[in-house]
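Notes follow the structure.
Number of protein chains: 2
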Amino acid sequence: MDHPIDIRRRHLLLSSASAAAAAGLSTLSADALAQAKPKPLPKFADWKYIDSMIVHSASGVETRRSAYGTSVIVPTDILFLRNNIAPPDEMITADANTWELTVAGVNNPGRITVGDLKRLGITTVATVLQCSGNGRGFFKHKASGSQWKVGASGCVLWSGVPVSEVVKAMGGVSGGARFMTSTGGERIPKGIDPKRVTVERSVPLKAMEQALLAWELNGEPLPLAHGGPLRMVIPGYYGVNNVKYIGRLAFTEKETSVNIQRSGYRVRPIGQKGAASQPSMWEMNVKSWINSPSGEPGEAVRAGTVQIHGVAFAGVNAAARVEVSLDGGRSWKNARFVGPDLGRFAWRQFVYSARLEPGNYTIASRATDTAGNTQPRDRVENERGYSHNGWLDHAVKVTVA
Amino acid sequence: MDHPIDIRRRHLLLSSASAAAAAGLSTLSADALAQAKPKPLPKFADWKYIDSMIVHSASGVETRRSAYGTSVIVPTDILFLRNNIAPPDEMITADANTWELTVAGVNNPGRITVGDLKRLGITTVATVLQCSGNGRGFFKHKASGSQWKVGASGCVLWSGVPVSEVVKAMGGVSGGARFMTSTGGERIPKGIDPKRVTVERSVPLKAMEQALLAWELNGEPLPLAHGGPLRMVIPGYYGVNNVKYIGRLAFTEKETSVNIQRSGYRVRPIGQKGAASQPSMWEMNVKSWINSPSGEPGEAVRAGTVQIHGVAFAGVNAAARVEVSLDGGRSWKNARFVGPDLGRFAWRQFVYSARLEPGNYTIASRATDTAGNTQPRDRVENERGYSHNGWLDHAVKVTVA
Numbered sequence: 001m002d003h004p005i006d007i008r009r010r011h012l013l014l015s016s017a018s019a020a021a022a023a024g025l026s027t028l029s030a031d032a033l034a035q036a037k038p039k040p041l042p043k044f045a046d047w048k049y050i051d052s053m054i055v056h057s058a059s060g061v062e063t064r065r066s067a068y069g070t071s072v073i074v075p076t077d078i079l080f081l082r083n084n085i086a087p088p089d090e091m092i093t094a095d096a097n098t099w100e101l102t103v104a105g106v107n108n109p110g111r112i113t114v115g116d117l118k119r120l121g122i123t124t125v126a127t128v129l130q131c132s133g134n135g136r137g138f139f140k141h142k143a144s145g146s147q148w149k150v151g152a153s154g155c156v157l158w159s160g161v162p163v164s165e166v167v168k169a170m171g172g173v174s175g176g177a178r179f180m181t182s183t184g185g186e187r188i189p190k191g192i193d194p195k196r197v198t199v200e201r202s203v204p205l206k207a208m209e210q211a212l213l214a215w216e217l218n219g220e221p222l223p224l225a226h227g228g229p230l231r232m233v234i235p236g237y238y239g240v241n242n243v244k245y246i247g248r249l250a251f252t253e254k255e256t257s258v259n260i261q262r263s264g265y266r267v268r269p270i271g272q273k274g275a276a277s278q279p280s281m282w283e284m285n286v287k288s289w290i291n292s293p294s295g296e297p298g299e300a301v302r303a304g305t306v307q308i309h310g311v312a313f314a315g316v317n318a319a320a321r322v323e324v325s326l327d328g329g330r331s332w333k334n335a336r337f338v339g340p341d342l343g344r345f346a347w348r349q350f351v352y353s354a355r356l357e358p359g360n361y362t363i364a365s366r367a368t369d370t371a372g373n374t375q376p377r378d379r380v381e382n383e384r385g386y387s388h389n390g391w392l393d394h395a396v397k398v399t400v401a
Numbered sequence: 402m403d404h405p406i407d408i409r410r411r412h413l414l415l416s417s418a419s420a421a422a423a424a425g426l427s428t429l430s431a432d433a434l435a436q437a438k439p440k441p442l443p444k445f446a447d448w449k450y451i452d453s454m455i456v457h458s459a460s461g462v463e464t465r466r467s468a469y470g471t472s473v474i475v476p477t478d479i480l481f482l483r484n485n486i487a488p489p490d491e492m493i494t495a496d497a498n499t500w501e502l503t504v505a506g507v508n509n510p511g512r513i514t515v516g517d518l519k520r521l522g523i524t525t526v527a528t529v530l531q532c533s534g535n536g537r538g539f540f541k542h543k544a545s546g547s548q549w550k551v552g553a554s555g556c557v558l559w560s561g562v563p564v565s566e567v568v569k570a571m572g573g574v575s576g577g578a579r580f581m582t583s584t585g586g587e588r589i590p591k592g593i594d595p596k597r598v599t600v601e602r603s604v605p606l607k608a609m610e611q612a613l614l615a616w617e618l619n620g621e622p623l624p625l626a627h628g629g630p631l632r633m634v635i636p637g638y639y640g641v642n643n644v645k646y647i648g649r650l651a652f653t654e655k656e657t658s659v660n661i662q663r664s665g666y667r668v669r670p671i672g673q674k675g676a677a678s679q680p681s682m683w684e685m686n687v688k689s690w691i692n693s694p695s696g697e698p699g700e701a702v703r704a705g706t707v708q709i710h711g712v713a714f715a716g717v718n719a720a721a722r723v724e725v726s727l728d729g730g731r732s733w734k735n736a737r738f739v740g741p742d743l744g745r746f747a748w749r750q751f752v753y754s755a756r757l758e759p760g761n762y763t764i765a766s767r768a769t770d771t772a773g774n775t776q777p778r779d780r781v782e783n784e785r786g787y788s789h790n791g792w793l794d795h796a797v798k799v800t801v802a
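Here's what the structure looks like:
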């Protein structure tokens with residue numbers, strides 16, 4: 001192969017090794033890298049750096065723990081990917097400004113193009129984008145879905161128009177609305193009941209205050225893989241609510257009755273079916289994990305001073321504090337936040353400098369948010385393996401030589 | 402062509418058009434795009450999105466004004482490029498952790514690898530990286546060097562170790578040191594006087610407080626094109642001081658006597674030669690410009706409400722305020738800052754919402770920093786076309802139809 005991306009790819013291949021070494025760790029062995037050779041990326045996202053990714057399926061691609069850097073923002077090339085159904089044709093991003101959004105449940109309903117949305121206002125927000133099932137891979141009951149560990153997440157920058165500006169331009173929300181409902185622009189195959197597969201999500205109306213309709217991700221036009229030409233972004237809410245290729249925005253009295261809302265993305269005991277009476281995957285909970293050392297196979301850590309680093313966030317609240325334990329949670333010390341604070345919806349990077357003697361360690365992190373919520377020790381068992389923020393499963397096991 | 406990068410490239414090609422349309426502008430014509438077809442990128446940076454770049458030479462590549470997004474951070478793929486001499490071999494980034502830095506002018510001088518630097522500490526800083534000659538293309542006296550307009554600049558995230566931590570680990574700075582001197586790792590061709598070409602820059606010792614030795618750019622391992630495996634980053638200082646592939650760091654009583662410091666990068670009247678008595682290109686001055694509308698050839702703006710947006714920064718001070726004029730500076734209105742504040746060394750994005758009737762406009766921006774410095778109207782004429790921050794030349798001429 002001799003095309004332009006190779007050099008970057010080489011960097012990223014090395015980056016796994018490099019990240020592994022970040023806190024004084026030896027690099028992954030060639031064997032470990034070979035074993036880790038992933039499935040191919042889906043065609044619509046084949047520009048991602050595959051060496052930094054774990055491909056679960058064509059609709060589920062995770063960032064390797066060791067590929068996360070310490071620069072707060074996760075570059076688009078290594079950002080995780082998750083689709084509920086096949087995306088629309090790539091060409092919808094070719095003339096992004098002509099994409100139309102239908103707006104209902106406002107006093108002056110109608111349609112508006114992306115080009116015209118760009119005339120209404122511009123804002124930029126950093127958010128943690130995280131799949132509801134991030135951490136599912138730590139559950140023991142074989143919860144259905146991609147077996148994500150920590151990598152179905154990323155802190156990214158979105159630019160777009162505040163939803164509140166769009167609503168203002170359309171005369172305000174109609175009386176009685178209690179939910180904001182977004183519908184994806186995927187084509188529904190003929191012969192399939194649209195309710196079964198339509199990506200349509202309702203969130204409480206209050207989320208409108210922080211929501212934006214985004215056309216730009218990390219400084220570049222939003223690619224199809226991440227919802228271009230236009231995506232609903234609801235800072236602090238799980239990924240599924242951030243509807244891709246949004247074609248319709250409605251302010252509604254009730255939640256939508258499509259499967260993905262009614263029975264899908266509901267937290268319930270193992271063995272139970274989803275139902276509208278169960279909690280929906282809306283606001284994210286407080287969470288943190290360590291990225292280096294990563295505990296990945298083949299990693300070895302050299303004794304001495306090591307910079308242990310990771311990320312912490314808390315949905316609509318900022319992370320206020322992170323503690324690190326070197327002994328599996330028996331004792332804890334405060335870590336330091338470093339780097340710029342991108343606001344309450346972003347994650348913070350934390351660093352803890354430790355002097356490690358040879359031996360085996362279980363290194364854990366535990367975050368507390370500005371509302372006083374602290375990560376629990378254990379996962380909350382649930383059928384689909386949602387919203388895992390237990391610190392014990394997220395701890396890394398490291399051998400120091 | 403049928404390789405992975407194509408899809409992103411398509412995005413970026415479209416992004417020029419897309420950005421042009423951001424404030425309700427019509428897209429660039431096919432003719433304008435064809436005319437704008439650039440020279441090829443240098444091999445070590447051929448992974449950049451050429452459609453977003455203006456290639457002046459193999460060592461000077463600028464970001465198109467219309468390619469800047471509004472997400473604060475400029476992605477590495479479209480970040481400008483400037484080298485003083487040919488970079489080292491790509492392979493120095495292949496095993497980044499073994500790269501060695503020699504440290505002198507400290508109480509315990511010695512050598513340290515990147516791998517060991519990573520054990521000393523980690524921080525992340527957002528800075529505006531800007532070439533001293535950014536804006537040179539606006540001078541009328543044919544100043545020697547790349548004819549940059551606004552695109553030899555970018556706000557980026559760096560991760561690395563604070564220089565102060567390295568100094569502490571090496572016993573502190575030796576008595577008498579007044580400068581911090583960084584030497585690039587380029588190979589000097591045989592038969593050439595090293596003083597003529599060595600990239601070695603001295604800055605006042607006080608700059609150490611904010612400086613870092615960086616191995617990561619925007620969340621990925623620092624590529625060769627931007628100084629990998631290790632770069633000196635001096636927030637608030639012009640690009641040239643941010644020495645790439647740094648091989649030696651010295652705390653010195655005097656400035657280095659190599660040409661690039663002694664006579665190069667000195668501000669002097671037109672026609673004069675460079676000399677050590679003239680001001681050196683250290684701290685950047687207050688500056689702003691509008692990115693959309695871009696005023697690029699072929700752009701047309703449709704009448705109505707338009708979101709005028711751009712960036713503002715001020716070296717070691719934060720930008721405090723930006724005004725926008727629609728009439729070439731006769732009257733001014735305050736613009737709003739939007740998006741996260743990444744700290745005093747970063748730029749802020751500003752937005753001004755204007756209702757534009759058909760006609761011709763000269764749209765200007767004027768920034769003021771926290772120290773009370775305001776951009777002047779006019780450029781300060783100087784031999785090499787350095788440090789241009791006059792608002793008039795940076796204004797965009799726009800026809801609204």
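Those protein sequences? They're chains A and B, same order as listed. Note that the numbering used here numbers the first sequence so that position 364 is 364, with each residue one more than the last. Each number in the numbering used here corresponds to the 1-based position in the second sequence with 401 added. Virtual Cβ for every residue (Gly too), placed ideally from N, Cα, C. Only a predicted model underlies this, so the values are computations on that prediction, with no experimental measurement involved.
For residue i, the first and last residue of its enclosing beta strand (DSSP E)
i, result
"residue 297 (chain A)", "Residue 297 (chain A) -> no beta strand (DSSP E), and no H or E assigned at all."
"residue 111 (chain A)", "110–113"
"residue 246 (chain A)", "246–252"
"residue 504 (chain B)", "501–505"
"residue 386 (chain B)", "Since the first residue of chain B shown is 402 and the last is 802, residue 386 (chain B) is not available in this structure."
"residue 308 (chain A)", "304–313"
"residue 616 (chain B)", "613–618"
"residue 130 (chain A)", "123–130"
"residue 463 (chain B)", "461–464"
Span of the alpha helix (DSSP H), counted from its first residue to its last, around residue i
i, result
"residue 591 (chain B)", "That residue, residue 591 (chain B), is in no alpha helix (DSSP H); it is neither H nor E in DSSP."
"residue 162 (chain A)", "Element bounds for residue 162 (chain A): not the alpha helix (DSSP H) but the beta strand (DSSP E), 153–162."
Within chain B, the residues that residue i reaches when beta carbons sit closer than 7 Å
i, result
"residue 219 (chain A)", "470, 472, 474, 475, 476"
Nonlocal neighbours in the same chain, by C-beta distance under 7 Å from residue i, ignoring five residues either side
i, result
"residue 760 (chain B)", "801"
"residue 807 (chain B)", "Because chain B is modelled from 402 through 802, residue 807 (chain B) falls outside the range shown and cannot be assessed."
"residue 484 (chain B)", "460"
"residue 608 (chain B)", "581, 635, 638"
Chain-ordered chain A contacts of residue i [CB-CB under 7 Å]
i, result
"residue 617 (chain B)", "69, 70, 71"
Sequence-distant residues of the same chain with beta carbon closer than 6 Å to residue i, five excluded per side
i, result
"residue 513 (chain B)", "502"
"residue 329 (chain A)", "364"
"residue 146 (chain A)", "56, 60"
"residue 443 (chain B)", "459"
"residue 659 (chain B)", "596, 599, 601"
"residue 181 (chain A)", "202, 250, 252, 256"
"residue 11 (chain A)", "With a pLDDT of 42 at residue 11 (chain A), under the threshold of 50, the modelled position of this residue cannot be trusted; read the value that follows with caution. Within the same chain, residue 11 (chain A) has no close Cβ partners at all."
Sequence-distant residues of its chain with Cβ nearer than 8 Å to residue i (five each side left out)
i, result
"residue 321 (chain A)", "334, 367, 368"
Problem - Under 7 Å (Cβ pairs) to chain A, residues found in the region 725–745 of chain B - result: For the region 725–745 of chain B, the residues whose beta carbon sits under 7 Å from a beta carbon of chain A are, in order, 739, 740, 741, 743, 744.
Practice task
Anything in the region 542–570 of chain B with a Cβ closer than 8 Å to a Cβ of chain A? List those residues in chain order, please.
Solution key: Within the region 542–570 of chain B, the qualifying residues are 558, 559, 560.
Practice task
Taking a Cβ distance cut-off of 8 Å, strictly less, list which residues of the region 348–371 of chain A are near chain B, in chain order.
Solution key: Cβ contacts with chain B come from 349, 351, 353.
Practice task
Identify every run of the beta strand (DSSP E) within the region 737–800 of chain B, keeping only runs that are complete inside it and at least 3 residues long; order them along the chain.
Solution key: Listed in chain order, the complete beta strand (DSSP E) runs (minimum 3 residues) inside the region 737–800 of chain B are 737–739, 749–757, 760–770.
Practice task
Name, going along the chain, the residues of the region 121–133 of chain A whose beta-carbon falls closer than 8 Å to a beta-carbon of chain B.
Solution key: Listed in sequence order: 121, 122, 123, 124, 125, 126.
Exercise for the section: Can you give me, in chain order, the residues of the region 101–116 of chain A that have a beta carbon less than 8 Å from any beta carbon in chain B? Expected result: Listed by position along the chain: 115, 116.
Problem - Contacting positions in the region 686–717 of chain B - beta carbon closer than 8 Å to chain A - result: For the region 686–717 of chain B, the set of residues with a beta-carbon nearer than 8 Å to any beta-carbon of chain A comprises 705, 706, 707, 708, 710, in chain order.
Problem - Within the region 256–287 of chain A, ranges of the alpha helix (DSSP H) (whole runs, at least 4 residues) - result: The region 256–287 of chain A contains, as complete alpha helix (DSSP H) runs of 4+ residues, the segments 259–262 (chain order).
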